[in-house]
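In my numbering, the protein residues as written are 26 to 450.
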């Protein structure tokens with residue numbers, strides 16, 4: 026791991042730390058501490074998703090034209106200003122504007138950092154680089170949430186002001202760290218023959234493999250990440266009688282599984298076709314939903330129901346550990362020369378859309394219609410397997426199994442393997 030990649034991973038860990046440091050406490054801060062009510066607090070959480078959906082298409086174009094590092098630095102400064110302003114805001118208007126700035130900045134960090142990883146890695150190292158990124162993101166989220174929870178006091182607005190001020194200072198420190206990164210110069214869209222700014226989205230939509238991957242990604246994020254803190258937790262409380270402490274244990278089991286399994290499964294994943302790995306994740310998650318069904322719909326003891334529910338979150342974590350070295354590198358390998366930032370931003374946009382729709386659909390369904398909820402998401406998981414198999418037919422041999430190549434492949438969907446354009450990242 027070179028010096029540039031080490032700094033990029035520091036950026037991933039610290040940005041995730043900032044997210045875990047404040048976001049879990051936003052609702053309490055806005056609704057109770059500032060006394061702005063549950064409606065405004067709900068709007069703040071919605072603003073995070075809306076801001077991401079608005080800025081990500083523009084972020085992709087900016088990354089392609091200017092490079093990922095300048096875009097990342099602007100995102101960090103924007104997030105720092107949003108965090109500091111949020112800690113000082115006392116009215117609904119300023120809270121919403123501050124949340125929009127913070128949400129937009131954090132949303133842009135993801136594709137910018139992912140593109141930097143692509144630029145600083147090769148086909149042989151990319152899966153491990155993204156696995157490390159996912160590991161550090163989860164570690165940062167967990168540590169940030171733990172420390173933030175011990176710093177806040179719901180009876181004192183100043184404790185939350187301190188929380189957001191620390192987050193803002195951390196983003197500014199990260200600006201200084203990332204400004205020292207020397208990213209290898211990747212081709213820009215103006216330098217690629219036949220590429221124009223207005224045609225990059227058209228080209229992306231014409232890439233059948235990328236479109237299928239985006240559809241698959243939407244189902245993945247909708248059926249898993251979009252349910253963790255909404256539908257699945259509501260189902261566990263209402264149908265399985267899970268206590269809040271057991272729910273916390275289940276979330277911890279998910280993180281622990283990722284930490285333990287991430288590098289254990291990496292060797293297995295690197296030797297397999299990516300489409301088959303994703304298909305296997307769909308089957309694992311189908312088992313997870315079946316276990317969740319037993320927890321809430323079975324007739325076992327409360328202890329068995331709790332154990333089954335915790336196992337559901339652990340199985341989801343195993344699938345996540347398999348996906349982290351698979352999805353992001355595949356997006357990079359599908360991107361033509363100079364358009365990695367565009368493709369990363371498009372995939373991040375799909376993720377944000379799924380995370381916005383998932384809780385809205387899953388929350389009410391999981392809380393009231395227990396059996397239909399389990400059956401629906403079990404079918405979604407099986408759908409992941411079907412979509413992954415279909416995606417495999419659109420990939421070249423090297424895109425599907427990068428261990429077959431010695432260098433990064435940047436080729437459009439549908440091109441035969443011997444016509445791939447090979448370039449060092």
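C-beta atoms are modelled at their ideal positions from N, C-alpha and C, and glycine is treated no differently.
Closest to residue i by CA distance: which of the options is it?
i	options	result
residue 260	70, 402, 300, 289	402
residue 338	63, 281, 35, 416	281
residue 363	341, 42, 58, 89	89
residue 370	53, 136, 271	136
residue 37	255, 270, 199, 75	199
residue 109	55, 276, 188, 350	188
residue 470	303, 405, 291, 278	What the structure shows of the chain is the stretch from 26 to 450, and residue 470 is not part of that stretch, so it cannot be assessed.
residue 167	184, 46, 193	46
residue 192	106, 87, 420	106
residue 341	184, 114, 112, 246	246
residue 205	358, 186, 33	33
residue 264	296, 288, 320	320
residue 297	69, 417, 159	417
residue 390	279, 262, 407	262
residue 181	332, 68, 70, 59	59
residue 163	80, 397, 278, 325	278
residue 98	266, 197, 31	197
residue 398	322, 154, 201, 295	322
residue 317	239, 305, 161, 249	249
residue 120	155, 139, 71	71
residue 284	336, 171, 324, 159	159
Identify, in the order they occur along the chain, each residue of the same chain with its Cβ nearer than 8 Å to the Cβ of residue i, setting aside the five sequence neighbours on each side.
i	result
residue 208	29, 92, 93, 94, 141, 144, 145
residue 42	165, 166, 168, 169, 195
residue 44	131, 165, 166, 169
residue 384	251, 252, 254, 255, 256
residue 78	374, 377, 378, 381
residue 241	303, 409, 412, 413, 416
residue 56	62, 63, 65, 66
Identify, in the order they occur along the chain, each residue of the same chain with its Cβ nearer than 7 Å to the Cβ of residue i, setting aside the five sequence neighbours on each side.
i	result
residue 122	none
residue 103	126, 129, 130
residue 96	84, 87, 88, 133, 137
residue 258	272
residue 229	235, 367, 368, 371
residue 407	307, 311
residue 157	34
residue 267	261, 331, 334
residue 396	322
residue 309	340, 343, 344
residue 226	none
Below 6 Å CB to CB, which residues in the same chain sit around residue i once its five sequence neighbours on both sides are set aside?
i	result
residue 286	343, 346
residue 117	61, 65
residue 178	184
residue 357	143, 365
residue 40	134
residue 392	259, 263
residue 154	142, 146
Could you round the C-beta distance between residue i and residue j to whole angstroms and report it? I think they count as a contact, below 8 Å.
i	j	result
residue 348	residue 303	7 Å
residue 424	residue 237	Rounded, the Cβ-Cβ distance is 12 Å, inconsistent with contact.
residue 111	residue 100	Their Cβ separation, rounded to whole angstroms, is 16 Å, which puts residue 111 and residue 100 out of contact at 8 Å.
residue 275	residue 185	The Cβ separation is near 27 Å, so there is no contact.
residue 148	residue 427	5 Å
residue 299	residue 351	5 Å
residue 50	residue 173	6 Å
residue 354	residue 152	5 Å
Length at least 4, wholly inside the region 148-200: the alpha helix (DSSP H) runs in chain order: 148-176
Length at least 4, wholly inside the region 341-368: the alpha helix (DSSP H) runs in chain order: 352-359
Segments of 3+ residues assigned as beta strand (DSSP E) that fall wholly inside the region 395-422: none
Any alpha helix (DSSP H) of 4 or more consecutive residues that is wholly inside the region 62-147: 62-91, 93-113, 117-144
Alpha helix (DSSP H) runs wholly inside the region 279-319, at least 4 long, in chain order: 291-295
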